[in-house]
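Below is one structure, written out as structure tokens; comments come after it.
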Amino acid sequence: MAEPLTLEETDCSRPYGEDPDGLPCLMAQTSRGHRVLLASLLAEIDLYPGQDRALFTLWENGPQSQNALARLIGIDVSTMTKTLQRLERSGFISRSPSPSNRRISIVSTTPKGDALRPELYRIQEELHRRLTDGLTPDQVETLTSLLAVIRNNVCREAGACPT
Numbered sequence: 001m002a003e004p005l006t007l008e009e010t011d012c013s014r015p016y017g018e019d020p021d022g023l024p025c026l027m028a029q030t031s032r033g034h035r036v037l038l039a040s041l042l043a044e045i046d047l048y049p050g051q052d053r054a055l056f057t058l059w060e061n062g063p064q065s066q067n068a069l070a071r072l073i074g075i076d077v078s079t080m081t082k083t084l085q086r087l088e089r090s091g092f093i094s095r096s097p098s099p100s101n102r103r104i105s106i107v108s109t110t111p112k113g114d115a116l117r118p119e120l121y122r123i124q125e126e127l128h129r130r131l132t133d134g135l136t137p138d139q140v141e142t143l144t145s146l147l148a149v150i151r152n153n154v155c156r157e158a159g160a161c162p163t
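UniProt numbering applies: residue 1 is where the sequence shown begins, and numbers increase by one.
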């Protein structure tokens, strides 16, 4: 498994002129730190980042073609292919030909993959707990509301919503 970034590698550097306490830098640091933290939690159950999203999407939507799964998650098909190959090698998903078009593979979770569900929900709760440590419930609600506004601004300005 690839080594995840350390938090030290998520710092904004002064030579580029960014204010380390400015909103763009704080957003970048927070995003990178979130990925580092999530990767370390997923590594505890031998998953790579992104595999959790594939499993959650399959649990919520049922078996899907690889292309449909990539669209639902919002990633390109080549990234989805790599994610599914790893999940299949680990025995968490299976692929079978579509009855209507044998060139299309239908992706399903296996019993071994389904057994990860409680662990992934535990990881979600642990991630939320760590991210909001030191915040009151009101502060979490305010932060969530503010981040939704920023996300909507980014989606509007970028012409697409990041996933």
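All C-beta atoms in this analysis are idealised placements derived from N, C-alpha and C, irrespective of residue type, glycine included.
DSSP state of residue i, grouped into three classes?
{"i": "N153", "result": "helix"}
{"i": "residue 175", "result": "As shown, the chain starts at 1 and ends at 163. That puts residue 175 outside it, with no answer to give."}
{"i": "P97", "result": "strand"}
{"i": "A115", "result": "coil"}
{"i": "E125", "result": "helix"}
{"i": "A160", "result": "coil"}
Within the same chain, show all residues whose beta-carbon is closer than 6 Å to that of residue i, passing over the 5 residues directly before and after it, in chain order.
{"i": "residue 164", "result": "Because the chain spans 1 through 163 in this model, residue 164 falls outside it and cannot be assessed."}
{"i": "residue 175", "result": "In the structure as shown, the chain starts at 1 and stops at 163, and residue 175 therefore has no counterpart that could be examined."}
For residue i, I'd like the list of residues in its chain whose CB is within less than 8 Å of its CB, leaving aside the five on either flank, ordered along the chain.
{"i": "D76", "result": "A70"}
{"i": "K59", "result": "Here residue 59 turns out to be Trp, not Lys, going by the sequence shown. So the list reads T109, D114 and R117, once near-sequence residues are dropped."}
What does the Cβ neighbour count give for residue i, buried or exposed, with the cut at 16 atoms within 10 Å?
{"i": "Q139", "result": "exposed"}
{"i": "I106", "result": "buried"}
{"i": "A158", "result": "exposed"}
Which residues in the same chain have their Cβ closer than 7 Å to the Cβ of residue i, if we skip the five residues on either side of it in sequence?
{"i": "D19", "result": "C25"}
{"i": "L38", "result": "P49 and L127"}
Count Cβ pairs between the segment 39-56 and the segment 75-89 that sit closer than 8 Å; are there 3 or more? yes
Please confirm if the segment 110-118 is in contact with the segment 64-71, defined as three or more CB-CB distances below 8 Å between the two stretches. no
Where are the alpha helix (DSSP H) runs, 4 residues long or more, that stay fully inside the segment 21-108, in chain order? 23-43, 51-61, 66-73 and 77-89
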